[in-house]
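Numbering (my numbering), first residue to last: 195 to 441.
These notes are about the structure you will find just below.
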């Protein structure tokens, strides 16, 4: 019996090791792609501008905007990688301050604007009639919002509209982001927050991705005493809600 237990143990450990090796390989491949793609775009656009191939001023400004957009995209990705390491080591810190939420949401939208326009996606926003203030870490919450907006853009299909709502309630404030993209099956909706997980349809729609963004969003919301929720149906789109408590 002991020999059988040892054989089974060795088999299980070997399978775990193979899974880790596969995960590492996929992670390195995805990270390389996520870095190489914007870097290639930045280099190509910079060469066009440097060589004076574009004379029209409006077109030049458009290309400069694309360089800024790709630089921002790369910066956000590297920020996610670094933050994931801090989260795993439990050393990520937050700086809370009183923030006007509508302005902060608009800043997050602006960071994703060029990519959304390139994909012909429209952002529709719905805000309350008066300014709404919360005690938050503005950089962290903007990171959470851009992660969600990037996903909404990435997985959008034919109906290219993303709705962002700021909803004050009696004891909480909700930021709701709704897309009409590929959707997420119910059975994997908890797994998407674990890190390194992408469901099969996401992989087919957008082959490259690391799968860290939603885990980071979940950690950010937990640090704020809130939570992230998802309501989604395959083929009909997704709604992600950031829930902030109101003291």
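From the three backbone atoms N, C-alpha and C, an ideal C-beta is built for every residue, glycine too.
It should be emphasised that the depicted structure is a prediction, and the values quoted were computed from it without experimental measurement.
Enclosing beta strand (DSSP E) for residue i [first to last residue]
{"i": "residue 278", "result": "Here residue 278 belongs to no beta strand (DSSP E); instead the alpha helix (DSSP H) covers 251 to 283."}
{"i": "residue 318", "result": "316 to 320"}
heavy atom of the ligand GDP below 7 angstroms from residue i C-beta
{"i": "residue 405", "result": "This structure does not include the ligand GDP; it has no bound ligands of any sort."}
Coil, strand or helix - residue i by DSSP
{"i": "residue 422", "result": "strand"}
{"i": "residue 234", "result": "helix"}
{"i": "residue 397", "result": "Note that residue 397 scores a pLDDT of 49, beneath 50, so its modelled location is shaky; the value from the coordinates is reported in the next line. Three-state DSSP puts residue 397 in a helix."}
{"i": "residue 411", "result": "helix"}
{"i": "residue 247", "result": "coil"}
{"i": "residue 291", "result": "strand"}
{"i": "residue 229", "result": "helix"}
Start-to-end residues for the alpha helix (DSSP H) that takes in residue i
{"i": "residue 386", "result": "Per DSSP, residue 386 belongs to no alpha helix (DSSP H) and is neither H nor E."}
{"i": "residue 356", "result": "No alpha helix (DSSP H) holds residue 356; the beta strand (DSSP E) holding it covers 355 to 362."}
{"i": "residue 342", "result": "332 to 348"}
{"i": "residue 184", "result": "With the chain represented from 195 up to 441, any question about residue 184 goes unanswered, as that position is not in the structure."}
Own chain, CB closer than 6 angstroms to residue i, minus 5 neighbours either side, in chain order
{"i": "residue 413", "result": "281"}
{"i": "residue 289", "result": "331"}
{"i": "residue 342", "result": "371 and 434"}
{"i": "residue 235", "result": "264"}
{"i": "residue 428", "result": "377 and 379"}
{"i": "residue 419", "result": "439"}
{"i": "residue 359", "result": "320 and 370"}
{"i": "residue 268", "result": "232"}
{"i": "residue 362", "result": "322 and 326"}
Contacts around residue i, its chain only, beta-carbon distance under 7 angstroms, and the 5 residues preceding and following it disregarded
{"i": "residue 346", "result": "356, 371, 373 and 375"}
{"i": "residue 305", "result": "266 and 340"}
{"i": "residue 353", "result": "374"}
{"i": "residue 399", "result": "Any answer about residue 399 is weak, because its pLDDT of 48 lies below 50 and its placement is not dependable; what the coordinates show is given next. So the qualifying residues of the chain are 349 and 376."}
{"i": "residue 336", "result": "298, 301 and 302"}
Per DSSP, the bridge partner or partners of residue i
{"i": "residue 242", "result": "In DSSP, residue 242 forms no bridge with anything."}
{"i": "residue 367", "result": "362 and 438"}
{"i": "residue 433", "result": "372 and 425"}
{"i": "residue 326", "result": "Bridge partners of residue 326: none, in fact."}
{"i": "residue 309", "result": "DSSP, once it has assigned bridges, lists no residue as partnering residue 309."}
Same chain, Cβ closer than 8 angstroms to residue i, five either side skipped, listed in chain order
{"i": "residue 410", "result": "274, 277, 278, 281, 337, 338 and 341"}
{"i": "residue 262", "result": "308"}
- prompt: Should the stretch 282 to 296 be called in touch with the stretch 419 to 428, which here means at least 3 C-beta pairs below 8 angstroms?
  reply: Not touching, per the Cβ criterion.
- prompt: Hey, is the stretch 237 to 252 in contact with the stretch 300 to 314, meaning 3+ C-beta pairs nearer than 8 angstroms?
  reply: no
- prompt: Would you call the stretch 271 to 285 and the stretch 316 to 330 touching, i.e. three or more CB-CB distances under 8 angstroms?
  reply: no
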